[in-house]
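Asker: As given, the protein sequences belong to chains A and B, one line each in that order.
For the first sequence, our numbering begins at 39 and goes up steadily by one.
For the second sequence, our numbering begins at 260 and goes up steadily by one.
Dumping the structure here so I can ask a few things about it.
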Amino acid sequence: MATKPKIAFFDFTSCEGCQLTVVDLLQTHLGLLDLVEIVQFREAMSEKGEDYQIAFIEGSCTRKSDEARLQKIRAQAAVVVALGACAHLGGVNALKNYWPIEKAQRYVYGEHGQDAYESYPARPISAVIPVDAVIPGCPIDRHEFLRIVQLLLQGRAPHLPDYPLCVECKFKENACLNYHGIPCLGPITRAGCDAICPSYGDGCEGCRGWAPEANFAYMREILRGHGLSDADIDARFTMFNHYQFQQMGEPAPVTTPLGPDRTAPLPTSTFAAPKED
Amino acid sequence: MTENIRVNVHHVTRVEGHGNIVVDVRDGTIEKCELQIVESPRFFEALLCGRPYYQASHITSRICGICACGHAITSLRATERALQVQLSEQTVRLRRLVFHGELLDSHILHVYMLVAPDFLGVGSVIPLATTHPEVVKRALRMKQFSGDLCAAFAGRHTHPIALTVGGFTQFPTLSKVAELRERAEALRADVDATVELFGSLPWPSFERETEYVALVHPDYYGFIDGEIGSTDGYTLPIDQYRQVTNERLASHSTAKHTAFNRDSYMVGALARYNLKHQHLHPRAKAAAAHLGLSAPCYNPFLNSAAQVVEIVHCIDDVILLLDEVLKRGIEWEKPAPITLSPGARGVGACDVPRGILFHEYQIGENGLIEEANCIIPTGQNLGNVDRDMRALVPTLLTEPEDSIRLKMEMLVRAYDPCISCSTHFLNVEFVGK
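Right under this line is the structure:
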C-alpha cells in the first residue's frame, strides 16, 4: 500500500465547530485514521507537521496577517479545502462588514480596541488563495465531509449537489415550511445537508450558499407572502451570505442606521471597588 | 536552582482557540509570565446590532463550536427576559436535557482528548487509539451519546436548530426518548470506568486560594438561570452581573479583565463544585471522594477532576429528566408568545461547561437588537490563570524546561479555555511585577 496521504487542519476566524464535527465523525468512523495521516490539528493534537498534501481550512480571513498564513498553506498543499461556511462564504463573520471596522472595534473593545486590534472586513478564503474544494455548511455535514474525503483519496474531483435544498426536503417527505407559514430559504440554497434545519421545524438560513441560478426575486415574493418586511427578508438573506450580497453589488440596507453604539458607558461596580493592577 | 528559564509555547495545542504561553525567568526572578491571547477578534456583539431578535441565538451559537447550545440557551434567556416570555415547564425540562448533553460532550472531550494525553505521555488522543483502544472507544461512546441527546431535542449539538425563542420548533418521539433512557443507563459502566481512570492520575499538587463564582439555585445543582454565588459569601441576582464581572481595561493590557471581590476569580467546574457540591447526586459525591476532591479545593488542576464529577452527576440527572419526560409525555406546544416594547433589556445567564456565561440584549419595539453584551467564562478566568501561573512558576524552577513547559500547558488546559469564545480579549500581557 502506498504511503498514507498527509492531511492538516487549520483554523482562522471561526468557532472551530467544523473541526469538532470531524472529531465527532470519528465516533462512528474511527477507521478514517487508518487511511490518512493527520500531521496537524492544533485543537486535538500537539504535533505540528509541515509536510502535508491536503489542507482543510476552517474560518474566514479577517486580518492582514491571515493572508501570509493562507499563502504559506497554499504553497505547501496540493489540495486546499474550504471547511464550512466561514471559509466558504465569510459566514456570520461577514456581518461585521455592515459597519466601519473602527466602529465595531470601539463597540466591542472600547477606546483601545481600535489601536490594538488588527481586523478588517471578513472574507472567504477563496478571496485570498485559490481553493480546490469546498465543504459547505455551518457547521459542515459530517457525511458530506466523509464523502468528499473519499473522493479526494481516490484522486477524484469533489463535487457538490447543484440543486436546491427543496429537493432533499421532498425526498424526506417533509411538509413544506413555506406552505405552513414558516419562512425557509430552501428554494435558493444549495442542497447537501439532507435539509436538516427544515427537518427540525426551522426554516433554512442559507448556510451552504446559494444554489446555481437561485431566483432571489421569487424567493423575496414567497417571504413577502409571510408578511415579512424587506428589512426582515434582507436580514434572512444575509445571515451567512452578507459577503455574497456585497459581491453581487447589492449590499443589503443597514437596518439600524446608527450601527453599534454604546448609549452609555458600561456601568462600573458599586459593589466592590475594582483594584488596579 | 535554575537561574534562567525561557519557555515559549506558540499556539498552545489541545485548547479551543489560539493562545501563547511566555515565561521568562532571569537570575531566578520572573521577568515575564503571561498567557497571550492571539485569537483573531470576532466582534459578535457588534454583529448582533441591528439583527432581528429571533436570529440572536442562531448567530451567537456560532461563537463556539463546543458550547454552541450553552450560547444558544443563554442568548434565548436574555431575549426571553427582555421580551417577557413565560416558558412552559416542558420547555425548561427539555432545555436542561440539551444543556446536559452539551456539558457531557464538552467535559468528555476535555478530560479524555485534551487532558488525558498529558498524563499518558502522548501528544494527542490519536496514538491512544492504538495503545489504549478501550479508553478511546469509551470516550467516543460517551461523546456519541451526549451528541445524540442534544440532537434528539435540538437537531444537532453544533449548532442547535430546534431551540427557539419561547420553546422548541420540533420534538422527539417518545420511543426515541425511551431509547436514550436505555442508553443512558447502559452508559453508567463507562462513567464508572471514567472515574476509575481519572482517579488514578497523578494530578500536580499546587494550591492557590481564590474566589470561586458560579450560578446557585436553592435546592439543586443547576446550570440555567438562578443567582450568582461566590465563595466569598455574596449572592447577586443575575441582572446585576456587571457588578461581578466588572469588566475594566487593565493598565499595560488591551484585554478586559474581570474582578469581583478580589483581584481575580475562577469560574467553571471547580467553582461550581466548591459552591454547591452539597447538591450533587449521591454517585457524583462518591466519585468526588474517589477522585480526591473535597470542598473547598484550591488546586486548579483539579478542575478536570471536578468535570469528571459533573459527568457522573449529569448522567444521573439526564436519567431522572428522561424518566420525567416519559412519565408526562411530550406536548407539541407552540413557542410561548413575546411582547415587544421600546428599549426592552434582558440578561441571560447559564453556567456552561467552562463557567458562567452572560448575554445581555436591548431589543427595540421593532424587534431589532439595539445593544448586545456577552461575557464569556474564559475571559473571566484569564486574570486567575495569570495569577496561578505566577504562583506556580517559582515552585518549578528546579525542574527542566520541558517539564516546566508541560506543567504550564497543563495548567492552562486545566482551565479548559475556550479562546475563540472570548469576544473580549486580545493580546493579554501579564507582566509579573
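Quick reminder that beta carbons are idealized off the backbone N, C-alpha and C, glycines included.
All of these numbers come straight from a predicted model, not from anything done at the bench.
1) Any contact of the stretch 200 to 215 of chain A with the stretch 226 to 244 of chain A, i.e. 3+ C-beta pairs under 8 Å?
2) How is B/P541 classed by DSSP in three states: helix, strand or coil?
3) From A/C99 to A/L127, what does the alpha carbon distance come to, in whole angstroms?
4) Check whether the Cβ atoms of A/P174 and A/G247 sit closer than 7 Å, and answer yes or no.
5) Cβ closer than 9 Å: which chain B residues qualify as neighbours of A/Q188?
6) Is the CB of B/L306 under 7 Å away from at least one CB in chain A?
7) By the criterion of Cβ-Cβ separation under 8 Å, what are the contact partners of B/P311 in chain A?
8) If distances are taken between C-alpha atoms only, which option among A/I220, A/R258, A/D104 comes closest to A/I226?
9) Just to confirm before moving on: does the CB-CB distance between B/T428 and A/D240 stay below 7 Å?
10) Mind reading off the beta-carbon distance from B/I615 to B/L446? Whole number of angstroms is fine, and I expect it under 8 Å.
11) Go through its chain and collect everything with a Cβ distance to B/C370's Cβ below 7 Å, but skip five positions before and after it.
12) Smallest Cα separation from B/I634: which of B/L580, B/A315, B/G380, B/G607?
13) Using DSSP with H/G/I as helix, E/B as strand and the rest coil, what is B/Y524?
14) Please list, in chain order, the chain B residues whose beta carbon lies closer than 9 Å to that of A/M277.
15) With DSSP collapsed to three states, give me the class of B/V268.
16) For a quick check, are the C-beta atoms of B/F617 and B/Y500 less than 7 Å apart?
17) Can you tell me whether A/W137 is buried or exposed? The criterion is at least 16 other CB atoms within 10 Å of its CB, across all chains shown.
18) Among B/L294, B/V281, B/E290, B/T338, which one has its Cα closest to the Cα of B/A631?
19) Of the residues that make up the stretch 48 to 62 of chain A, which ones have a beta carbon closer than 9 Å to any beta carbon in chain B?
20) Let's test the definition: count the other Cβ atoms within 10 Å of the Cβ of A/Y217 and tell me whether it reaches 16, buried, or not, exposed.
21) Would you list the residues sitting across from A/S52 in a DSSP beta bridge?
22) Mark B/T423 as exposed unless 16 or more other C-beta atoms lie within 10 angstroms of its C-beta, in which case mark it buried.
23) Have a look at A/C242, A/R112, A/A116 and flag the residue whose alpha-carbon is nearest the alpha-carbon of A/I167.
24) Go ahead and label B/H418 buried or exposed: buried means 16 or more other beta carbons lie within 10 angstroms of its beta carbon, across all protein chains shown.
25) Whole angstroms is fine: what's the gap from B/V472's alpha carbon to B/H538's?
26) Closest by CA to B/R672, which one among B/V374, B/A413, B/I497, B/K291?
27) For the stretch 233 to 248 of chain A, which residues have a CB atom closer than 8 Å to at least one CB atom of chain B, in sequence order?
28) If you follow the beta strand (DSSP E) that B/Q295 is part of, which residue opens it and which one closes it?
29) Do you know offhand how far A/L261's Cα is from A/G122's?
30) Just to confirm, are B/A528 and B/V571 a CB contact at a threshold of 7 Å?
31) Using 7 Å as the threshold, is the C-beta distance between B/F302 and A/A142 below it?
32) Kindly indicate if chain A contains any beta-carbon less than 7 Å away from that of B/R321.
33) For B/G324 and chain A, any beta-carbon pair shorter than 7 Å?
34) Which two residues bound the contiguous alpha helix (DSSP H) that contains B/S563?
35) Go to B/T494, then tell me how far its beta strand (DSSP E) extends in each direction, as first and last residue.
36) Count the other CB atoms within 10 Å of the CB of A/A195; is the residue buried (16 or more) or exposed (fewer)?
Answerer: Considering the structure as presented:
1) yes
2) helix
3) 11 Å
4) yes
5) Under the 9 Å cutoff, chain B gives no residues; its nearest Cβ is about 20 Å from A/Q188.
6) yes
7) D270, A273
8) A/R258
9) yes
10) So it is not a contact: roughly 27 Å between Cβ atoms.
11) For clarity, residue 370 of chain B is Val in the given sequence; the question names Cys instead. Contacts found: F457, S563, Q566, V567.
12) B/G607
13) strand
14) R310, Q314, H317, I318
15) strand
16) yes
17) buried
18) B/T338
19) D49, F50, T51, S52, C53, E54, G55, C56, Q57, L58, T59, V61, D62
20) exposed
21) Looking at the DSSP assignment, A/S52 forms no beta bridge with any residue, so it has no partner.
22) buried
23) A/R112
24) buried
25) 16 Å
26) B/V374
27) I234, C235, S237, Y238, G239, D240, E243
28) 288 to 296
29) 26 Å
30) no
31) yes
32) yes
33) yes
34) 562 to 587
35) 494 to 496
36) exposed
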